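First residue of the first sequence? That's -19 in this note's numbering, and the numbers climb one at a time after it. For reference, the structure discussed in these notes is given below.
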Amino acid sequence: MFHLEIETRLRAAVSAVAPSADLATVQVRPAAEARFGDFQSNSLMAVAKALRLNPRQLATDVLARLDIADLCEPVEIAGPGFLNFRLLPGALARLLEQALGGSHLFFRPAASPRSVVIDFSSPNVAKPMHVGHIRSTGIGDALQRIWRLLGHRVVSDNHIGDWGTQFGKLLVGWKTLLDRDALGRDPIAEMERLYKEVNARCDADPATLDRARRELVQLQSGDAENLGIWKEMIRLSQVQFDTLYGRLGARFDVTLGESFYNAELPGVVESLVAAGVARESEGAVAVFSDHTLPPKEDPLLVSKDGEWVDIPALIRKSDGGFNYMTTDLATIAYRLRTWSPDEILYVVDDRQSGHFRGLFHVFSRWRPDDFRKAQLRHIGFGKILGEDGKPFKTRSGDTVKLADLLDEAEERAQKVVAEKRPDLTPDEQKEIARIVGFGAV
RNA sequence: GCGCCCGUAGCUCAGUUGGAUAGAGCAUCCGCCUUCUAAGCGGACGGUCGUGUGUUCGACUCACACCGGGCGCGCCA
């Protein structure tokens, strides 16, 4: 808190002495060493450099304008222009009294609250949540807590994967291979089995692949039976999601999955074509580079064999189906008109950075006015690697399920607690094991 | 081939946007328990900041090149 207050006053003084200085570069931070005082600022040297002034003279002039006698002892100019601040005991006492009254010591609420949509977690229906989901979920939930604490308005949205080509195969599996008992015992495992089984058959048998395509078309055209199965798969999956989010303590304001935007997709494509942004290509509809950006920065170009070639964003496949680019465009439009956010954050792993660059670029060409109103930002992160530096997998090569990971963490912690604190009741041990285990994860 | 991310102590990572002697946790070693959580406390040990050039009064930080790891590049998401 003190460094923010000192910083505010220092900026005012710098502004009075050097109106053209970039105040964002004027910063105060805790002193590197006690002999330099409590807080220090190295910024005047940078300001002096930018404005071609003598740093010590600038420091002297700034200090003459700095009103800080109620907080600090007389400020010291050290070396080429470091400022060293020493707090007055009385100022510290006043702050601690405020803290006793409930005010926070380490941050100030945002002066102008922003509105932000945070998109994170986004697991797929009919598949087990795996170890990778913990990062998007943890980072996204941490971000929403921080934004809220600072006084911003947050909408957290779980954009679940509840639509797409995988449902063709799942429907074939559900209709021909479903084991009802297994589904009752562990619905996610059974649905995963169905998908893997049908997927394997599709590789070997064109007829099965064709059947999957037909089931998908049926679903997309509103067939009652397929819609019913699809909804049941979502319901069973949501039970899994809710269980895991409950364990992790993550919350969402809304869960608007991909399917929520289905009805808007044809209109999105028409609109993009009408605006001259998209055009037909090899039976599909795609957005090509408009060559307004340098090739290296253009997400719709890629270098192949020394030449820049198009890598268009597909918004409708040649079979009439839509791509997730289209869904994501519809999603941005919906969020902007529904919540009018200042920012939309996508907490998604770095492998999708290319997709988001393309998405934001295409949206800027589709809705330039809306694009200027909101910042679209991809919050990327790496994947979890094993001890060998390779992506973290089980011994048999499968992805590690999030539920299994959490179970194991609790079990291992439980063993330690039971050994060290046999005097506690089983319930107390279990609760400590949960906290310690998840903390370790 | 082109592009993105990463490389700091044995391990996992910070390093506040170019500043003063590069930090923390864990691990290791030493010292603390007549018990309010020893799942703790104090101390020590530990670094060519991947490598090399360059820019600068000053580089972990910026630029370029290389080495090593991860990832992405038209009808999956």
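Backbone N, C-alpha and C fix where the C-beta goes; we use that ideal spot for every residue, glycine too. The structure displayed is predicted, hence computed values, not measured ones.
How far does the alpha helix (DSSP H) with ASN206 in it reach, from first residue to last? 204 to 228
Hey, could you find the ends of the beta strand (DSSP E) ALA258 is sitting in? That run of the beta strand (DSSP E) goes 258 to 261.
Cα-Cα separation, THR(-12) to THR311: Looking at the two C-alpha atoms, the distance is approximately 39 Å.
Note down the Cα distance separating GLY70 from PRO348, rounded to an integer number of angstroms. 54 Å
Give every residue of the same chain whose Cβ lies closer than 6 Å to the Cβ of GLY237, excluding the five residues on either side of it in the sequence, and list them in chain order. ILE140, ASP142
Check whether the stretch 248 to 262 and the stretch 143 to 160 are in contact - that is, three or more C-beta pairs closer than 8 Å. no
PHE343 vs LEU309 beta-carbon contact at 8 Å: Their beta carbons are under 8 Å apart, which means PHE343 touches LEU309 by this criterion.
Rounded separation between ALA393 and ARG414 - CA only: 7 Å
Within its chain, find whatever has a CB closer than 8 Å to the CB of LEU68; leave out the 5 residues flanking it on each side and keep chain order. ASP50, LEU51, CYS52, GLU53
Report the residue ranges of all beta strand (DSSP E) runs contained in full by the stretch 107 to 168; include only those spanning at least 3 residues, in chain order. 133 to 137
Leaving aside the five residues before and after VAL421 along the sequence, list all residues of the same chain whose C-beta is less than 8 Å from its C-beta, in chain order. ILE114, LEU385, LEU386, ALA389
Opposite LEU294 in the DSSP bridges: which residues? BP columns for LEU294 point to ALA266.
Given this structure, state the Cα-to-Cα distance separating GLU408 from ASP222, to the nearest angstrom. 24 Å
Please return the same chain residues whose Cβ sits closer than 7 Å to the Cβ of SER22, not counting the five positions on each side in sequence. Note that residue 22 is Asn in the sequence shown, not Ser. Closer than 7 Å at Cβ, skipping near neighbours: PHE62.
Output the boundary residues of the beta strand (DSSP E) element that contains ILE359. 355 to 359
Measure the beta-carbon distance from ALA106 to LEU150 and round it to whole angstroms, keeping in mind my assumption that it falls under 8 Å. Confirmed, about 6 Å.
Checking 8 Å against the spacing of the C-beta atoms, do LEU130 and MET(-19) come in under that value? no
Once DSSP output is grouped into helix, strand and coil, what is the label at LYS400? helix
Which residue marks the beginning of the alpha helix (DSSP H) containing LYS29, and which one marks its end? That run of the alpha helix (DSSP H) goes 23 to 31.
What residue ranges within the stretch 298 to 351 form continuous alpha helix (DSSP H) runs of no fewer than 4 residues, ordered along the chain? 304 to 319, 333 to 346
Any idea if ALA169 is buried or exposed, counting beta-carbon neighbours within 10 angstroms, 16 or more meaning buried? exposed
Could you give the first and the last residue of the continuous beta strand (DSSP E) run that contains PHE62? 62 to 65
Just to confirm before moving on: does the CB-CB distance between PRO35 and LEU24 stay below 8 Å? yes
For ALA192, report the span of its beta strand (DSSP E) as first-last. Not the beta strand (DSSP E): ALA192 falls in the alpha helix (DSSP H), residues 186 to 200.
Is the number of C-beta pairs between the stretch 116 to 134 and the stretch 210 to 229 that are closer than 8 Å three or more? yes
Who are the near neighbours of LEU33 in its chain, counting only those whose CB is closer than 8 Å to its CB and skipping five residues on each side? Contacts found: ALA(-2), VAL27.
If I follow the unbroken alpha helix (DSSP H) through ASP99, where does it start and stop? Unbroken run through ASP99 is the beta strand (DSSP E), 95 to 100; no alpha helix (DSSP H).
Cβ pair GLU195, ASN179 closer than 8 Å: no
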